[in-house]
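Only one structure is covered here, and it is reproduced in the block below.
Protein chains in written order, with the working numbering: chain A, 1174 to 1621; chain B, 1174 to 1621; chain C, 1174 to 1621; chain D, 1174 to 1621.
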């Protein structure tokens, strides 16, 4: 499962595009397929977007052409095989009020319906991005002012959207009413502002966290003024709980809490509800590290780095026969044989999607001599696909949608398998009985 | 001076995208910046476009994804520094009648006016290509049928356009009423059809020339039918005479005549009106070859390959000091010293734009020992910029707009300089008194 | 400080070059500059070597040309700026007994002397690799048989060498008398053999560890026979203790002990001799992870992943101003602000070389809000350069050679700084009073 | 058939490596596989060599590291599939007199014998280049001075060699006694010297031709002195006549005569001995251009550019089926259909090797409508392979070694076929009865 993207906006800094560049680098884990930045010099927007990693796309000369003291940026995740540069963001458009650029993280659930209506009215769509809907809605809105048009536009869309808009003189940041995807506001050291999908982007550019953009809130950035907050919707939070489980970087704070600490909580809760006697707790790196640490601290069982991750990965050109598919996991992960041999091991991972990787890891640990391997998963069984911007396999490929926990345990060849249950997960994230998280991928309960 | 692009369309062949690929390769001289192909499998359009040469962009796997038995393609010329992949063609759009893709060679003179009107009505423009106007006009036309809409759309645009449209089941080819840019119809060996900017594309794919698409004519290609011709405009031909002078490949036939033969005619006319005694006639390769041959045949002065062109060009990384700028010409062209030494040389080129290259060539010939160098140019002085799709320097950079022929002669350090005059040029292209060519770049007489 | 290379040898397997390829991938951490493989098909040697990572250099087609059931391989570390492909290994030579290829990990201390003698006798040196000495010594040896020549040759060289030789029908593996660099013997599942710089290479190719090649031992591999052991020298072990400190992969076992476990021991010893009250122990990733874990387990202070490593690194094209140099560390490492804020932190790293990185890390932690930062280093102060194959800065750039511990502490802006002392280090590696490790980089006591 | 390489040497110029770079670019037609330059700053040699074109390998930074006022360079032709960077030149070596670098154009006929003797005496060979023999011979020579050793060394080798040696303070240029391959001396504008395989290298760097290095002559370049000439051998010229036929650039002068003029002579002679009635003479570009011009001038039949060469070549990724092999020629060459249709055409090429390309060209011309196609070849039938440095197919692949002229005519589907005979060829090159050319590829008469 993979997040689809990250967004960033910089307002009021002479090196806006450079700050956007570094911020995007911090958000690279949310999308490695393509990236782009649009800046405004007050008169004109400038856009560069391309395939590849942020570091590879931009250099000093390119950033120098992205003039102006405001900039928005995007990194894009893409489903396998689709390397179309045409679907990179920001989406730029000239329209009756001038020029605008938009970046979007999320997924519109009524995108097709909106698009069809727009098409009926003569609109053309040149890409397959939901984001294109928005620029049409803004362009076609009957309102006079851009602000009113943006409000008009976002009221017509549904689903998950953390958006940043750039016009020649202003910047706007907006989250959907449920606040599915994170979006935070930070203050730059010079007094300017930054909005970004995750707070880890703030650290690199020396910005300080101010607060999250609220669900349903539209922030308006204008030169010489403090950001103005407009409540477009009454907030009804449904934060994507999978951000805590896997997507967000552990050094970020999302939805008001430290990701690292929350993951440790999951491990602690998991230890409480699914204890087992063992010689050590080991994480599947890097995702399982904080929850394994939590599990170990709570249980008192020693934490060990029992599996090593090889950073020199890349594509092997060798034909992927069955032999090779096992090799592939081994080229990325390798067991700390001397530690594991003859030991009872609790291995902690953040989630099980298809089950194939878990099976390879457990086999690897057993081949390395582990006497017992107990799998502990710091989230509930993933049973349902996401419609709010996460790339999930279809239901028939989600192992937990098709097998009982015992069947999965047999399939992955573990000595025992246990998941965190929904309640414990909610305790981990300090939900305090509030119904403010989207747990649809575990429960199938979608917001209609 | 450079042409801006080439277009091609293939209809009714199982390997449509492959044929488009080879055709585009033949048309590579009209644009090396970017290229693209859209195909239709009857249900859906497929598009791939990218930076670079046709041969580099496409491979077997990519062509295999461009399914279907119709395809259109484009190669793009771009002004220096602008390597935006976003402005590559075909332009694809989903709209109320389904999907379409368009390729365009030329320049719309009322593009801004049309765009502004469209924008006023709520349209958004995501690129800086004139082509985007067309898809909007088609999408917004009040007509029901695509054919009627295309007619509607092209009636609203002015300027130079050789267009090919692809819908899911049909292909359309259209030339502006003046037929500024060439567009020819050919027949594939299997009974299918090809349209292309130049007939040299036909040879490579074993197609036979049928006829030119007429100025103002719209050709409709539909499965199982012969192409249907619709006269959208009464033709008032104003063919770009510079296609004969420089743009078109010598093995093409444009506007009904062999380019090579026409260039030879120019050389013959030049010899008649601007004779001079000399030991040899040499071309500036490759552009000046046919006219130098004509000059030599007419004058009886021996033709020699007095200047060699080095094909291993590329960018030198050495700092372009003054010394280096001379080197740059020498790295591309080198004199046949043993032939030239002590000889009176007539050097024939197709045109003089800025004069700097001519000066370097003449210096090079003199350094190689030529006793006299007489420059003969197989077109009239280039005095005016083009607004119909050719990238020309601004008037202050056109040497002939700012100097007399004698001044140019002094500047380029030639012993004599003479141009073909407009009348002789028209004789060369067999105009026969008809006013069917656009000679604006020589005369400043633009069609309003 | 960086190891200079890794070697591998495969004998008796139909897919010898493929196994060498995967083994080299496992050893990539020992050298990323260049890599190469030579194979023998019984009649002829085949060699491919090039710049770059193993995964990038080889593909299926290239491996297919490396025919035969024996192969040797090498990955190369290179000092900055030197990207000469000419110094990649294996070194191949035709000589009077046929063809041979050699790979070498280490550094010959009498290389210049030997080379000068050889040159006096008419030898030519085409590269700057010590390895070239060896092929000359073998070629010029007065002995008849290759085995005797190899013995003859290695008796003339001094310093650190873990070597693998490949002839058309045999393979030889040899370690210097001190066993400076590691070299282990493993058995392939089909009965063939592997030798490699680290045992982590065995895991990937499903080989089982047999034993280390002994210091001073020469192993001879011949078809259809078990490896024959020849004691060329009486072993006087002086294993590079820095392999435990930093070079070797934690999942390897070198010099008979688990690297991971040994690093944990270092952390435990460090905790015993340099305890301090604090809220958490955090590693500098990835090098400091095992020793930080050991420190935490011994001290009972909680272990936390307080610093995150960003895996999307690469070169930034932004001018490296002072601002940027700090950015550079931040782009690679970022603090877990929410955990660290207001806390007393013990940060554990494997070594301090120049001190600049440590300073940036401590600054970063303080900016993230740590109330106290105590640096603990799991090895003694690095005071002396290495002459046995490790790339060390010159003495004036080794901070510990020029400052007291207190001065270093002030320089890196830590609240306290403590190193593991030599005795404790030796306890960590279970030296048991035996003088079997080279600790010259900490003590300046070189083997003469 | 392809030449194997080009050499260049610059002595006594502050920008020696830069001049070598530009000279090598001029000689790129003699080898596109790899290139390299070694320079000397008086104390040390510096070498860079790599795969690819000269322009791609070197940039300003790299040239800046090649310090000193002398430099030698090489471009390398390589047989298909062999892209080993290891066989690039210059070959560098440290030996008892210091450092040297050598570049070599040609082929040593006793290379194996010499190598075997050297190997018997303990030498090792790390590459498969003949050039390696030379550095061994120099290193092992019993003479004291480098000059004497070079003389000693070249006296032990046989075959074709145009060599340039660079030591720390001197440069040496040498041609074999037969002068198989060209090598000329030029003077730089600052008083320094250049030697190069072809004089076309002089023009680019503003050097003036002094004279050819004589067969058997060794030129010694020393600072502050004029080049000293040493007659190592009595010259017995056997210049490779194929340099005139095909290899050399037409703007070069080799073996004392203009290549272009000599090729024209061949065409004239061909016209005299093999006349035929036709409407036009057309060359196969670019090789056939000068001889076709000569044929046309002599016969009075008009010369036309009947075949166009497409400069945007590259590898097509399309599977090379039979259909595609024809396409391949068509992608490179295309017929001037409008000129050719219905005409009797004489097509002139420099040689026929396998016959396949000729057949494709003739088919192409016939498909374009030529009523008759008469093939005229400006050299005799190529019947024998070359052992002096030219890459020729084996005898069974040389069509003229296996078929009569009539059979070849039938095979290539020409209406008539005629070759230049040996006598006429010798007349063309002004041999004047002297036996100073090697014509072995036409006659099988090799120098023993």
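Ideal Cβ positions, reconstructed from N, Cα and C, are used throughout, including at glycine.
With respect to the 8 angstroms criterion, residue 1309 of chain B and residue 1296 of chain B are classified as neighbours on the basis of their beta carbons. Among the residues of chain A, none has a CB under 8 angstroms from the CB of residue 1262 of chain C; the nearest is roughly 18 angstroms distant.
Between the stretch 1597-1608 of chain A and the stretch 1203-1210 of chain B, the count of Cβ pairs shorter than 8 angstroms is below three; the stretches do not touch.
Taken atom to atom, the span from the alpha-carbon of residue 1529 of chain A to that of residue 1445 of chain A is near 27 angstroms.
Neighbourhood of residue 1219 of chain C in chain A, by CB distance below 8 angstroms: empty, with the nearest CB roughly 18 angstroms away. Interface flag for residue 1298 of chain A against chain B is set, since a Cβ pair is found closer than 8 angstroms.
The residues 1482, 1483, 1486, in chain order, have a CB closer than 7 angstroms to that of residue 1505 of chain B in the same chain once the five nearest residues on each side in sequence are set aside.
Listed along chain B are 1267, 1268, 1269, each with a C-beta nearer than 7 angstroms to that of residue 1292 of chain A. Collapsing the DSSP output to three states places residue 1260 of chain D in a helix. For the stretch 1450-1471 of chain A, the beta-carbon criterion of a distance under 9 angstroms to any beta-carbon of chain C is satisfied by 1459, 1462, 1463, 1466, 1469, 1470. When the beta-carbon positions are compared, residue 1333 of chain D and residue 1280 of chain D come within less than 8 angstroms of each other. For residue 1249 of chain A, the closest C-alpha among the options A:1292, A:1302, A:1389 is that of A:1302. Judged by pairs of C-beta atoms under 8 angstroms, the stretch 1536-1556 of chain A touches the stretch 1569-1588 of chain A, as three or more such pairs exist. At a cut-off of 8 angstroms, the C-beta of residue 1308 of chain C has a neighbouring C-beta in chain D. One alpha carbon belongs to residue 1341 of chain A, the other to residue 1398 of chain A, and they sit about 16 angstroms apart. In the displayed model, residue 1437 of chain B falls within a helix according to three-state DSSP.
For residue 1358 of chain A, the enclosing beta strand (DSSP E) covers residues 1357-1360. Within the same chain, 1198 come within 7 angstroms of residue 1228 of chain B by CB-CB distance, once the 5 residues on both sides are set aside. Contacts with chain B at 8 angstroms (Cβ-Cβ) do not include residue 1565 of chain D. Scanning the stretch 1531-1589 of chain C for uninterrupted alpha helix (DSSP H) segments of 4 residues or longer gives 1572-1575, 1578-1585, listed from N- to C-terminal end. Short of 8 angstroms from the beta carbon of residue 1284 of chain B, and not among the five residues preceding or following it, lie these beta carbons of its own chain, in chain order: 1303, 1306, 1330, 1332. At a cut-off of 8 angstroms between beta carbons, residue 1326 of chain A makes no contact with chain B. Using beta-carbon distances, residue 1258 of chain D counts as an interface residue toward chain C, with a partner under 8 angstroms. Residue 1195 of chain D belongs to the set of residues whose beta carbon lies under 8 angstroms from a beta carbon in chain B. Contact of residue 1225 of chain A with chain B is not assigned, every C-beta pair being separated by 8 angstroms or more. Taking a 10 Å sphere around the C-beta of residue 1597 of chain D, we find 16 or more other C-beta atoms and assign the residue as buried. Distance between residue 1549 of chain B and residue 1287 of chain D, taken at the CA atoms: about 60 angstroms. Only residues of its own chain outside the window of five on either side were considered, and among them 1362 have a CB closer than 7 angstroms to the CB of residue 1379 of chain C, listed in chain order. Contacts with chain D at 8 angstroms (Cβ-Cβ) include residue 1198 of chain B. Cβ-Cβ separation between residue 1376 of chain B and residue 1507 of chain D: approximately 6 angstroms, consistent with a contact (criterion under 8 angstroms). Three or more Cβ pairs closer than 8 angstroms define a contact, and the stretch 1452-1467 of chain C meets that threshold against the stretch 1434-1441 of chain C. Chain-order list of chain D residues neighbouring residue 1235 of chain C: empty, with the shortest C-beta distance near 10 angstroms, by a criterion of under 7 angstroms. At a beta-carbon threshold of 9 angstroms, the residues of chain D lying near residue 1312 of chain C are 1292, 1295, 1296, 1297, ordered along the chain. Approximately 17 angstroms separates the beta-carbon atoms of residue 1422 of chain B and residue 1467 of chain B; this is outside 8 angstroms, ruling out the contact. Taking 8 angstroms as the cut-off, the Cβ atoms of residue 1226 of chain C and residue 1262 of chain C do not count as close.
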